[in-house]
Amino acid sequence: MKVFVTGVAGQLGHDVMNELAGRGYEGVGSDIKEEYSGIKDGTPVESMPYVPMDITDQASVEKVLTEVKPDVVVHCAAWTAVDLAEDEDK
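This note's numbering numbers the first residue of the sequence shown as 12 and each following residue consecutively.
Right, dumping it as structure tokens:
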């Protein structure tokens, strides 16, 4: 089963990818940066497939999902700057 995970540069996405690897699933990670920018701790997420994607760009999301063809999507991406997020107008 191919599982596509957003937000792999964050703690939750990082841990989900490592859990998938440990259970034998095919994980494909994504985040907004061109290359994986999460913690470098020697765990499987560092070497698993990675695709850059901006979840706020519908065309980007559609393109990536069409290319990756996942069986499941696990959405872990988030804006964690809570105060800034609450003050943002859009």
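Backbone N, C-alpha and C fix where the C-beta goes; we use that ideal spot for every residue, glycine too.
Residue pairing from DSSP places Val85 in a beta bridge opposite Val16. Residue pairing by DSSP places Asp42 opposite Pro63 in a beta bridge. Within the same chain, Cβ atoms closer than 7 Å to the Cβ of Val56 are found at Val19, His25, Met28, Asn29, Gly40 and Gly49, the five residues on either side in sequence being excluded.
The bridge partners DSSP lists for Glu37 are Lys13.
Around the C-beta of Asp94, fewer than 16 other C-beta atoms lie within 10 Å, and the residue is accordingly described as exposed. DSSP places Lys80 in the coil class of the three-state scheme, outside both helix and strand.
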